[in-house]
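Novice:
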Amino acid sequence: ARRHGRKLFWVSFLTPCSPSRGDEASATCNGCLVQFAEMSFAPSVYQVQGKWQHSSGGEIEVQPDATGKSVIIVHPTVGKQSMDVMRFLTADGLDYFGFKGKLEGGKITWNNGVVWTKVG
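Going by my numbering, the letters in the sequence shown line up with residues 9 to 128, in that order.
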């Protein structure tokens with residue numbers, strides 16, 4: 009398997025051949041066609057832990073709890089909340105009580121137009 013950004017690329021070979029590049033959609037080698045599949049994977053809690061600046065003002069803090077099974081989020085308007093890591097970090101991105109977010113670099117962009125920018 010090969011990680012490339014937020015995607016996991018994998019391939020199964022039926023014949024002993026290997027492509028020249030692992031990030032292509034397909035490759036031909038020794039007359040066989042090799043096709044790659046692409047799968048999404050959830051961001052890590054360590055990618056989102058820390059302090060974030062809310063686009064409307066205020067600071068958000070995201071931390072895993074001591075067990076690593078929950079994430080503690082301190083939000084300027086909602087307050088301190090705990091949620092299961094598996095519910096917060098999904099294969100599609102983030103889910104914060106129904107709001108869907110995408111992590112790209114040091115920003116989380118939510119489906120309500122809010123952006124959290126990493127500050128620490």
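The beta carbon of each residue, even a glycine, is placed where N, CA and C say it ideally should be.
1. Give the straight-line distance between the Cα atoms of Pro51 and Thr85, rounded to the nearest whole angstrom.
2. Val123 and Lys115: beta carbons closer than 7 Å?
3. Check for me: the alpha helix (DSSP H) holding Phe96 runs from which residue to which?
4. Could you please give me the residues that DSSP links to Phe107 through a beta bridge?
5. In the DSSP assignment, find the unbroken alpha helix (DSSP H) run with Val56 in it and report its ends.
6. How many Å lie between Thr75 and His83 at the Cα?
7. Around the C-beta of Glu112, are 16 or more other C-beta atoms found within 10 angstroms, so that it is buried, or is it exposed?
8. Reducing DSSP to helix, strand and coil, say where Val122 ends up.
Specialist: On the basis of the coordinates in this document:
1. 24 Å
2. yes
3. 93-96
4. Tyr104
5. 53-56
6. 21 Å
7. exposed
8. coil
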